[in-house]
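Visitor: Numbering (this note's numbering), first residue to last: 2 to 325. Have a look at the structure that comes next, please.
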Amino acid sequence: MLPTFTYIRPNSLAEAVRLLGAPGARAHAGGTDLLGCLRDRVFGAGTLVSLSGIAEMRGIRRALDGGLVVGAMTSLAEVASNPEVVARYPGLAQGAASAASPQLRGQGTIGGNICQRPRCWYYRGDFHCARKGGEKCFAVEGENQFHSIFGGEVCFYVHPSDTAPALVGLDAVIRIAGPSGARSVPADAFFVAPAKDYTRETVLGPAEIVTEIVLPAQPQETRGTYRKVRARGAWDFALAGAAVVVTLADHRVERARIVLSGVAPIPWRVPAAERALMGHRLGASSASKVADAAAGNAQPLGQNAYKVELVRGAVEEALLAIAG
Ligand SMILES: Cc1cc2nc3c(=O)[nH]c(=O)nc-3n(C[C@H](O)[C@H](O)[C@H](O)COP(=O)(O)OP(=O)(O)OC[C@H]3O[C@@H](n4cnc5c(N)ncnc54)[C@H](O)[C@@H]3O)c2cc1C
Numbered sequence: 002m003l004p005t006f007t008y009i010r011p012n013s014l015a016e017a018v019r020l021l022g023a024p025g026a027r028a029h030a031g032g033t034d035l036l037g038c039l040r041d042r043v044f045g046a047g048t049l050v051s052l053s054g055i056a057e058m059r060g061i062r063r064a065l066d067g068g069l070v071v072g073a074m075t076s077l078a079e080v081a082s083n084p085e086v087v088a089r090y091p092g093l094a095q096g097a098a099s100a101a102s103p104q105l106r107g108q109g110t111i112g113g114n115i116c117q118r119p120r121c122w123y124y125r126g127d128f129h130c131a132r133k134g135g136e137k138c139f140a141v142e143g144e145n146q147f148h149s150i151f152g153g154e155v156c157f158y159v160h161p162s163d164t165a166p167a168l169v170g171l172d173a174v175i176r177i178a179g180p181s182g183a184r185s186v187p188a189d190a191f192f193v194a195p196a197k198d199y200t201r202e203t204v205l206g207p208a209e210i211v212t213e214i215v216l217p218a219q220p221q222e223t224r225g226t227y228r229k230v231r232a233r234g235a236w237d238f239a240l241a242g243a244a245v246v247v248t249l250a251d252h253r254v255e256r257a258r259i260v261l262s263g264v265a266p267i268p269w270r271v272p273a274a275e276r277a278l279m280g281h282r283l284g285a286s287s288a289s290k291v292a293d294a295a296a297g298n299a300q301p302l303g304q305n306a307y308k309v310e311l312v313r314g315a316v317e318e319a320l321l322a323i324a325g
């Protein structure tokens, strides 16, 4: 059962920031993740501040540089089907389309998608784990088949978002409003690894709100895709996945971003794989070598070594898909 809370729906960003400054207040977007956390007593909230009345946080518009600005309250369904996103940022559209179910994509927002809390069953369950202020990560010696193979250290959950890897790959910028005004953070720096601070997943401070996400214009000859591997075709989180964004010059790769999902507590860039792709033509030979490099530094736990091969396969398939 849901606990009792006060629900407020301000009409302006300034009012929402002010309301979120009160103790026990939390931002409510689509509620698809938040309400589950409250129901399961993962954390509490005295007040939910709905962001749904803030018109400027909705929709997708052209940026001055030719890129796109996506309001944080834009639904995943709208991101997935927007013609400009589909045509120019296909990996992001595919990530949004592969998240959850049609109903959840209609209700869930892209802002909520990148701010959603860990899905780890110890964190969500009745365990006083490190992320909840306890002493250890229960996954290390426990049921860890769905946990991290990269970057776990203190806490081994996997980042649940299917849009975040594409945003990192696109060098997107996250715009934030808070008590001290507005600021912008590269998507790559928005997510906080447990080794840096295992009490938080993002750089958001108290009462800060993600307002919009800026997708920079991409150079000509940029190609991208997102490959998600999951246990079943219907809604399911990624067991592993790869967002790949590549810019070509004279048929050779001159810029590469390879970002993994489902295998690390943050969208996991693999610079070794990106370097292995630079200067090469897209094709079967380079895809296989790059996939090896992507999986190279994995450190599986007791029950999730199978993910190493999934990473290999996801990266190889993504690269072959954009090879044309
Ligand atoms: C059954 C199920 C399956 C799912 N499968 C997938 C999947 O396969 N892939 C995937 O990516 N996701 C999946 N999800 C997660 C779902 O996509 C996210 O829950 C959704 O995108 C969250 O958006 P929301 O608007 O509902 O966020 P909410 O639930 O409203 O908020 C989530 C969190 O983000 C915070 N928040 C929300 N918006 C903002 C903002 N603008 N600024 C600051 N903080 C904010 C809230 O305070 C809360 O802590 C699944 C969820 C469920 C319930």
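The beta carbon of each residue, even a glycine, is placed where N, CA and C say it ideally should be.
Looking at Leu261 and ligand 1, is the gap between the Cβ and the nearest heavy atom below 7 angstroms?
Guide: Outside the cutoff, so no.
Visitor: Taking just the CA atoms, how far does Arg256 sit from Leu171?
Guide: Their Cα atoms are separated by approximately 11 angstroms.
Visitor: Contact between the region 200-209 and the region 54-61 is defined here as three or more beta-carbon pairs at a separation below 8 angstroms; is this criterion met?
Guide: The region 200-209 is not in contact with the region 54-61.
Visitor: Across which residues does DSSP place Glu213 in a beta bridge pair?
Guide: Note: Glu213 sits in a beta bridge opposite Gly72 and Arg176.
Visitor: Pop quiz: Gly107 and Ser76 are said to be a contact at Cβ under 8 angstroms. What is the actual Cβ separation, rounded to whole angstroms?
Guide: Indeed they touch by this definition, with Cβ atoms about 6 angstroms apart.
Visitor: Thinking C-alpha only, which one of Ala288, Ala46 and Ala78 is nearest Gly60?
Guide: Among Ala288, Ala46 and Ala78, the Cα nearest to that of Gly60 belongs to Ala78.
Visitor: Looking at C-beta atoms only, is the number of pairs between the region 227-235 and the region 118-135 that lie closer than 8 angstroms three or more?
Guide: No, because fewer than three Cβ pairs between the region 227-235 and the region 118-135 fall closer than 8 angstroms, the two stretches do not touch.
Visitor: Report the option in Glu213, Leu283 and Ala288 whose CA atom is closest to the CA atom of Thr110.
Guide: Out of Glu213, Leu283 and Ala288, Glu213 has the C-alpha closest to the C-alpha of Thr110.
Visitor: With DSSP collapsed to three states, give me the class of Gly112.
Guide: Three-state result, Gly112: helix.
Visitor: Is any heavy atom of ligand 1 found at a distance shorter than 7 angstroms from the C-beta of Gly72?
Guide: No, since every heavy atom of ligand 1 falls outside the 7 angstroms radius drawn around the Cβ of Gly72.
Visitor: Considering only residues of the same chain and omitting the five flanking positions on each side of Tyr278, which have a CB-CB separation below 8 angstroms?
Guide: A small correction: the amino acid at residue 278 is Leu; Tyr does not occupy that position in the sequence shown. Around Leu278: Val247, Val254, Ala257, Ile259, Ser287, Val291 and Leu320.
Visitor: Decide if Arg392 is buried, meaning its Cβ has at least 16 other Cβ atoms within 10 Å, or exposed.
Guide: Here the chain covers residues 2 to 325 and nothing more, so residue 392 does not appear.
Visitor: Any heavy atom of ligand 1 within a distance shorter than 7 angstroms of the CB on Trp269?
Guide: Checking every heavy atom of ligand 1 against the Cβ of Trp269, none is found closer than 7 angstroms.
Visitor: Going by CA-CA distance only, name the one from Cys156, Val186, Asp163 and Ile9 that's closest to Tyr199.
Guide: Comparing Cα-Cα distances from Tyr199 to each of Cys156, Val186, Asp163 and Ile9, the minimum goes to Cys156.
Visitor: Looking only at DSSP bridge pairs, what is Ile259 linked to?
Guide: Partner(s): Val245.
Visitor: Please classify Val326: does DSSP put it in a helix, a strand, or coil?
Guide: Limits of the chain in this structure are 2 at one end and 325 at the other, which puts residue 326 out of reach.
Visitor: For Trp269, which beta-bridge partners are listed by DSSP?
Guide: Leu261.
Visitor: Does at least one heavy atom of ligand 1 sit under 7 angstroms from the Cβ of Asp41?
Guide: Every heavy atom of ligand 1 is 7 angstroms or more from the Cβ of Asp41, so no.
Visitor: Do you know how far the Cα of Gly47 is from the Cα of Ala30?
Guide: Cα-Cα distance, rounded: 16 angstroms.
Visitor: So, with DSSP's three-state summary, where would you put Pro187?
Guide: Note: Pro187 maps to strand in three-state DSSP.
Visitor: Does the beta-carbon distance from Ala265 to Lys308 come in below 8 angstroms?
Guide: In this structure, Lys308 does not lie closer than 8 angstroms to Ala265 by Cβ.
Visitor: When you compare only the Cα positions, how much space is there between Arg89 and Asp251?
Guide: So the alpha carbons of these two residues sit roughly 20 angstroms apart.
Visitor: Keeping to the same chain, check which residues put their C-beta closer than 7 angstroms to that of Gly297; ignore five residues upstream and five downstream.
Guide: So the list reads Ala273, once near-sequence residues are dropped.
Visitor: Considering only residues of the same chain and omitting the five flanking positions on each side of Ala64, which have a CB-CB separation below 7 angstroms?
Guide: So the qualifying residues of the chain are Val70 and Val215.
Visitor: With respect to the alpha helix (DSSP H) encompassing Ser82, which residues constitute its N-terminal and C-terminal limits?
Guide: Note, Ser82: alpha helix (DSSP H), Leu77 to Ser82.
Visitor: Alpha carbon to alpha carbon, how far is Leu14 from Ala294?
Guide: If you take the alpha carbons of Leu14 and Ala294, they lie about 44 angstroms apart.
Visitor: Considering only the alpha carbon of each residue, which of Cys121, Leu249, Ala73 and Gln146 lies closest to Val174?
Guide: Ranking the options by Cα distance to Val174, first place goes to Ala73.
Visitor: For Val50, report the span of its alpha helix (DSSP H) as first-last.
Guide: No alpha helix (DSSP H) holds Val50; the beta strand (DSSP E) holding it covers Thr48 to Ser51.
Visitor: Ordered along the chain, which non-local residues of its own chain (more than five positions away) have a Cβ less than 6 angstroms from that of Ser102?
Guide: Around Ser102: Trp236.
Visitor: Start and end of the alpha helix (DSSP H) containing Gly170?
Guide: Ala165 to Gly170 is the extent of the alpha helix (DSSP H) around Gly170.
Visitor: On the three-state DSSP scale, how would you describe Lys229?
Guide: Strand at Lys229.
Visitor: Quick check: is any heavy atom of ligand 1 less than 7 angstroms from the C-beta of Gln117?
Guide: The answer is yes for Gln117.
Visitor: I need the DSSP call for Gly126, collapsed to helix, strand or coil.
Guide: Coil.
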